[in-house]
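Residue numbers (the working numbering): 1 to 406.
Backbone N, C-alpha and C fix where the C-beta goes; we use that ideal spot for every residue, glycine too.
See below for the structure under consideration.
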Amino acid sequence: MATAVATKDYTFTWEGTDRKGARISGMSAGPNENFVKIQLRKQGVNPIRVRKQSALFAKRKKPIKGQDIAIFSRQLATMMSAGVPLVQSLEIVGRGHANPSMGEMVLAIKTSIEGGASLAESLAKFPRYFDDLFVNLVEAGERSGALEALLEKIATYKEKSESLKKKVKKALTYPAAVVAVAVLVTGILLYFVIPQFKQLFEGFGADLPAFTKMVVALSEFVQAKWWVIVGVMIGGFFVFREAHIRSPAFRRFLDRAMLKLPVIGDILYKSAVARFARTLSTMFAAGVPLVEAMDSVAKAAGNIIFTEAIYKMRDQVATGTQLQLTMQQTGLFPSMAVQMVAIGEESGSLDHMCAKVAEFYEEEVDSLVDNLTALLEPMIMVILGVLVGGLVVAMYLPIFKLGSAI
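Right under this line is the structure:
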């Protein structure tokens, strides 16, 4: 347990020799160099050089993303299903991975296994990339002797999860990009273009329309206080981020508000239902008891409203209440999902029914994202047209008075 905590703080790269004298290298985590050396010796590695990875060096390296973990899961599952031994599979994946950072971590996992640790224990040393759900599933596979089958389920789960995450990110990024472009274009016009028109109008001495005066006044404010505007925007971003990290009440308010947004709220809601069903199906199919599985399901919910509801459901299930009844009581889950779970409980095929629910709502999310993209394209034109067109109209209104001023 102490090792898992330490890995969150420092990462070390090392070079050494194995029991046969062959030169090897890898990446390990720990509080200091001595700790890493001791761990390497326990694993049968004679460390020659151990260096703490500097923050500057770490920034240059390509980060490990969720897609890398999904690809790793599929590669490992495919190789082990083909009969390739675990250590050899990790060696092949680690040496051939396109992301050097991911390759180093896989080789570190391999070294840990060669030292006598199980795959689950080795993965748990990197909690940033392998969460409790991943580790628990691997551990269940090792205990039952069905690691290959469990790795297939894990690979499918990670691929579906990453695909769903990309769809939700696409749905949220598109509107944010529209707003950012609109603000940028408006800022450029106010700071650079409108002052040129102002000088032109002053030269003619014409009396400006009220709308034009308002835009010119706004331009003057942007020119004089642009640093205040930028500072407020940057400060607001950091305040928002800190509040989201530190305040459960703020996260609860934000997540609840996001679920009520038109179109986007529907996407987030259905993605949360799909994530719930997919995670529960995977955990239950792995033989994890329902109450224990609900812990992992809650952590993977992706929305604090669903997380808190699932924890309450777990407590009720622990007292003997049927899962479908606890789902009804939350008022969060659609009737279709509740009925499918009820059928699964009665027929003893809960994992299969949950998988069907997940597939249905994943397709729903896919369709909603496509519809949102089609809907936003004309909205982009309208927003930019109103902003940019409004500024252009404000600047050209005085042109009609220039004849009387000349």
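Taking S25 as the centre and dropping the five residues before and after it, the same chain places the C-beta of E15 closer than 6 Å to its C-beta, in chain order. Taking C-beta atoms under 8 Å as the contact rule, R74 and K160 fail to qualify, at a distance of about 12 Å. Here K260 has no same chain residue with a Cβ atom under 7 Å from its own Cβ, once five neighbours each way along the sequence are excluded. Nearest to V45 by C-alpha distance, out of G30, P31, R23, is R23. Note that the C-beta distance between L368 and V263 is below 8 Å.
In the DSSP annotation of this structure, the continuous segment of the beta strand (DSSP E) that includes T11 starts and ends at 11-17.
Apart from the 5 residues on each side of it in sequence, V357 sits with its Cβ closer than 6 Å to the Cβ of A277, A337, M340 in its chain, given in chain order. Judged by beta-carbon spacing, L164 lies beyond the 8 Å limit of S296, meaning their Cβ atoms are not closer than that value. A residue is called buried once 16 or more other Cβ atoms fall within 10 Å of its Cβ, and E362 is buried on that count.
Scanning G116, A182, K225, L375 for the CA closest to the CA of I383 turns up A182. For I64, no alpha helix (DSSP H) encloses it, and the DSSP letter there is neither H nor E.
Spatial neighbours of K213 in its own chain (CB-CB distance under 8 Å, excluding positions within 5 residues in sequence) are not present.
Close CB contacts of E345 within its chain, under the 8 Å cut and outside five residues either way in sequence, are with Q322, L323, Q324 (chain order). Proximity of the stretch 81-97 to the stretch 109-120 meets the contact definition, three or more beta-carbon pairs being nearer than 8 Å. Comparing alpha carbon positions, the residue from P63, Q223, F201, Q39 closest to N99 is P63. Annotation: A70 to F192 spans about 47 Å, alpha carbon to alpha carbon.
Following the DSSP letters along the chain, one finds K169 in no beta strand (DSSP E) but inside the alpha helix (DSSP H) bounded by residues 147-188. L375 counts as exposed, since fewer than 16 other C-beta atoms from the protein chains shown sit within 10 angstroms of its C-beta. Just so you know, the alpha carbons of E33 and G115 end up roughly 18 Å apart. Beta-bridge partners assigned by DSSP to S144: none are found. Taking a contact to require three or more Cβ pairs closer than 8 Å, the stretch 237-244 and the stretch 143-152 do not qualify as touching. Per DSSP, the unbroken beta strand (DSSP E) holding N46 starts and ends at 46-52.
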